[in-house]
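Enquirer: Please find one structure pasted underneath; my questions will follow.
Number of protein chains: 2
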Amino acid sequence: METETATNWLSDDEQCAWRTYLDVNRMLTYQMEKDLQPFGLTNNDYEILVNLSESADRRMRMSDLAAATLQSKSRLSHQITRMENAGLVRRENCESDRRGLFAVLTEHGTETMEKVAPHHVASVRRHFIDLLSGEALADLRESLAPVADHLRGHRGKI
Amino acid sequence: METETATNWLSDDEQCAWRTYLDVNRMLTYQMEKDLQPFGLTNNDYEILVNLSESADRRMRMSDLAAATLQSKSRLSHQITRMENAGLVRRENCESDRRGLFAVLTEHGTETMEKVAPHHVASVRRHFIDLLSGEALADLRESLAPVADHLRGHRGKI
DNA sequence: CCTAAGAAGTTGAATTCTGAACCAAGTGTG
DNA sequence: CACACTTGGTTCAGAATTCAACTTCTTAGG
């Protein structure tokens, strides 16, 4: 009597879709990183800058920023230290909760963001957005949104 | 006279699609990593194992493996060293080109692969494939394939 | 042949990332 | 109020990654 459940392997089509997805993923990340390099920024740096620049007062609590970027507190702490040394952000105390800190975009950080953003958008267009039809893009969003929701609800679980 | 070209910012829809894509990307990577952890493997480890196990004689030249996984030679070298220490692969000399080395799956590597693969497939299904309809999956593949081709042709360029 | 150029890999130092341990400050409960 | 518990964040040590030499072997030219 078979107790082990037979593995539900991926069909050829599924396999192919999955691999394509993985490939795009990796190559796109790689390319974005390359396109950011001339400006002395990494993908991580840029993501922090985006998050801060879109927040009220260009500031975010460390833990919110960590959650938003799906990084560990530890990693974010290091990351912000580096960006602080680069003059892009600074840490500021939180009045209402004295354990807390804000990461705040500096003037230089803001300028950097304004300078780099157009190039980054161009890069995103060139290597992704503009290669998809409007319909394909809409489909992509609709297909991926439930996946995103699923994964968001799954944080930290097995 | 304006010499600078106005930036072609992303529309709301484009922005949303792009962010969803990025989010799925990050969360999915994270989740795959977590699901592999109980087996003592990382995503990188697993990818190497997949590549090797699908190759003739369960072996690949170091540089081919590096190209296939989009890693630098250096990184792959370190990675293989680690996996060698874990008994998953071994290095073997190449007869026809004495500079060359093969990374070869060991018996233990093969067994590990056989043990882990079903769980990994289940994970891929649970967090991605099974959340998409067959049609969505086909669309995804068709949409992403040109992106993959574009990026493949772009390796290393600005 | 002999040499220069290039390809295959490795190595080592500097940087980044991870995970656990830690400190300090807020929260809630009897 | 005092206690334990949680939350916000940093720090340290160990592991992984990057980057720039460096070694060995191959190949192409003269």
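Top to bottom, those sequences are chains H and P. Letter by letter, the first sequence follows residues 431 to 588 of my numbering. Letter by letter, the second sequence follows residues 431 to 588 of my numbering. Beta carbons are placed, not taken as given, at the ideal position from N, Cα and C, and that holds for glycine.
1. Residues of chain H with CB closer than 7 Å to the CB of residue 446 of chain P, please, in chain order.
2. Excluding the 5 residues preceding and the 5 following residue 514 of chain H in the sequence, name in chain order all residues of the same chain whose CB lies nearer than 8 Å to its CB.
3. Could you check the C-alpha separation between residue 535 of chain P and residue 482 of chain P for me, to the nearest Å?
4. Compare the beta carbon distance of residue 500 of chain P and residue 582 of chain H with 8 Å and say whether it is the shorter of the two.
5. Would you call the CB atoms of residue 577 of chain H and residue 561 of chain P closer than 8 Å?
6. Just the Cα atoms here: how many angstroms apart are residue 512 of chain P and residue 471 of chain P?
7. Please state the DSSP three-state secondary structure of residue 484 of chain P.
8. Of the choices P:554, P:533, P:474, P:547, whose alpha-carbon is the least far from that of residue 461 of chain P?
9. Is DSSP giving residue 552 of chain H helix, strand or coil here?
10. Shortest alpha-carbon distance to residue 469 of chain P belongs to which of P:546, P:436, P:575, P:559?
11. Buried or exposed: residue 538 of chain H, going by 16 or more other Cβ atoms within 10 Å of its Cβ?
12. Return helix, strand or coil for residue 438 of chain H, following the three-state DSSP convention.
13. Verify the CB distance criterion: does residue 458 of chain H have a CB-CB separation below 8 Å to chain P?
14. Where does the unbroken beta strand (DSSP E) through residue 505 of chain P begin, and where does it stop?
15. Hey, quick one: how far does the beta strand (DSSP E) through residue 565 of chain P stretch, first residue to last?
16. Given residue 543 of chain H, which residues of its chain have a CB within under 7 Å of its CB, disregarding the five upstream and five downstream residues?
17. Which same chain residues end up closer than 8 Å to residue 459 of chain P when comparing Cβ atoms and leaving out the 5 residues on each side of it in sequence?
18. Ordered along the chain, which non-local residues of its own chain (more than five positions away) have a Cβ less than 6 Å from that of residue 558 of chain H?
19. In the DSSP assignment, the alpha helix (DSSP H) including residue 495 of chain P goes from what residue to what residue?
20. Any C-beta of chain P within less than 9 Å: which residues of the region 496 to 515 of chain H qualify?
21. So if I threshold CB-CB distances at 7 Å, which residues from the region 547 to 564 of chain H count as touching chain P?
22. Counting contacts by CB-CB distance shorter than 8 Å, is residue 542 of chain H in contact with chain P?
23. Would you report the Cα separation of residue 574 of chain H and residue 477 of chain P, rounded to the nearest angstrom?
24. Mapping DSSP to helix, strand and coil, what is residue 588 of chain H?
25. Please report how far the alpha carbon of residue 452 of chain H lies from the alpha carbon of residue 509 of chain H, in whole angstroms.
Expert: So, from the listed chains and residues:
1. Locating residue 446 of chain P in the second sequence gives position 16, where the first residue counts as 1. Simply 571.
2. Residue 514 of chain H sits at position 84 when you count from the first residue of the first sequence. Correct list, in chain order: 520, 521.
3. The residue you call residue 535 of chain P lines up with position 105 of the second sequence. The residue you call residue 482 of chain P lines up with position 52 of the second sequence. Cα-Cα distance, rounded: 6 Å.
4. Sequence index remark: in the second sequence, residue 500 of chain P carries index 70 (1-based). Sequence index remark: in the first sequence, residue 582 of chain H carries index 152 (1-based). No, they are not a contact pair.
5. For the purposes of this step, residue 577 of chain H is identified with residue 147 of the first sequence, where counting begins at 1. For the purposes of this step, residue 561 of chain P is identified with residue 131 of the second sequence, where counting begins at 1. Taking 8 Å as the Cβ cut-off, residue 577 of chain H and residue 561 of chain P qualify as a contacting pair.
6. Taking the second sequence and counting its residues from 1, one reaches residue 512 of chain P at position 82. Taking the second sequence and counting its residues from 1, one reaches residue 471 of chain P at position 41. Separation of residue 512 of chain P and residue 471 of chain P (C-alpha to C-alpha, rounded to the nearest whole angstrom) is 11 Å.
7. Position 54 of the second sequence holds residue 484 of chain P. Residue 484 of chain P falls in the coil class under three-state DSSP.
8. Looking up residue 461 of chain P in the second sequence gives position 31. Nearest Cα to residue 461 of chain P within the set P:554, P:533, P:474, P:547: P:554.
9. The sequence position of residue 552 of chain H within the first sequence is 122, counting from 1. Correct three-state label for residue 552 of chain H: helix.
10. Mapped onto the second sequence, residue 469 of chain P falls at position 39. Comparing Cα positions, the closest option is P:546.
11. As a first step, residue 538 of chain H is located in the first sequence; it is residue number 108 there, counting from the start. So residue 538 of chain H counts as exposed.
12. Your numbering for residue 438 of chain H matches position 8 in the first sequence. In the structure shown, residue 438 of chain H sits in coil (DSSP, three-state: anything other than H, G, I, E or B).
13. Position 28 of the first sequence, counting from 1, holds the residue named residue 458 of chain H. At least one chain P Cβ lies under 8 Å of residue 458 of chain H.
14. The count along the second sequence starts at 1 and reaches residue 505 of chain P at position 75. Run containing residue 505 of chain P: none in the beta strand (DSSP E); it sits in the alpha helix (DSSP H), 503 to 515.
15. By 1-based counting over the second sequence, the position of residue 565 of chain P is 135. For residue 565 of chain P, no beta strand (DSSP E) encloses it; the enclosing alpha helix (DSSP H) starts and ends at 564 to 582.
16. Residue mapping note: residue 543 of chain H aligns to position 113 of the first sequence, counting from 1. Within the same chain, 479, 483 come within 7 Å of residue 543 of chain H by CB-CB distance, once the 5 residues on both sides are set aside.
17. Numbered from its first residue, the second sequence carries residue 459 of chain P at position 29. Contacts found: 473.
18. For the purposes of this step, residue 558 of chain H is identified with residue 128 of the first sequence, where counting begins at 1. The beta carbon of residue 558 of chain H lies closer than 6 Å to none in the same chain, with the five residues before and after it left out.
19. Walking along the second sequence from the start, residue 495 of chain P turns up at place 65. Its alpha helix (DSSP H) spans residues 492 to 499.
20. Answer set for the region 496 to 515 of chain H: 499, 500.
21. Listed in sequence order: 548, 551, 554, 555, 557, 558, 559, 561, 562.
22. Against the first sequence, residue 542 of chain H aligns to sequence position 112. Chain P contact via Cβ: absent.
23. Walking along the first sequence from the start, residue 574 of chain H turns up at place 144. Walking along the second sequence from the start, residue 477 of chain P turns up at place 47. One Cα belongs to residue 574 of chain H, the other to residue 477 of chain P, and the distance between them is close to 23 Å.
24. By 1-based counting over the first sequence, the position of residue 588 of chain H is 158. In this prediction, residue 588 of chain H scores a pLDDT of 37, lower than 50, which makes its location untrustworthy; no coordinate-derived value is stated.
25. Residue 452 of chain H sits at position 22 when you count from the first residue of the first sequence. Residue 509 of chain H sits at position 79 when you count from the first residue of the first sequence. Cα to Cα, the separation comes out at about 26 Å.
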